[in-house]
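Numbering (our numbering), first residue to last: 750 to 784.
Even glycine gets a Cβ: it sits at the ideal position worked out from N, Cα and C.
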């Protein structure tokens, strides 16, 4: 799953960067935090 980061995430990327993450990680961790 590709997502665009709205915040800097340590170990993942910086603001505006398009990163590829597993769907579960995005759904359960990143999206609930609003990243």
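The beta strand (DSSP E) enclosing residue 752, as first and last residue numbers: Against the chain shown, residue 752 aligns to sequence position 3. From DSSP, the beta strand (DSSP E) with residue 752 extends over 751-753.
The beta strand (DSSP E) enclosing residue 768, as first and last residue numbers: The sequence position of residue 768 within the chain shown is 19, counting from 1. 767-769 is the span of the beta strand (DSSP E), which, as asked, contains residue 768.
Contact under 8 Å by Cβ, residue 756 with residue 764: Position 7 of the chain shown, counting from 1, holds the residue named residue 756. Position 15 of the chain shown, counting from 1, holds the residue named residue 764. Going by C-beta atoms, residue 756 is nearer than 8 Å to residue 764.
Spatially closest choice to residue 753 from 773, 767 and 761, by CA coordinates: Taking the first residue of the chain shown as position 1, residue 753 is located at position 4. The shortest C-alpha separation from residue 753 is found at 767.
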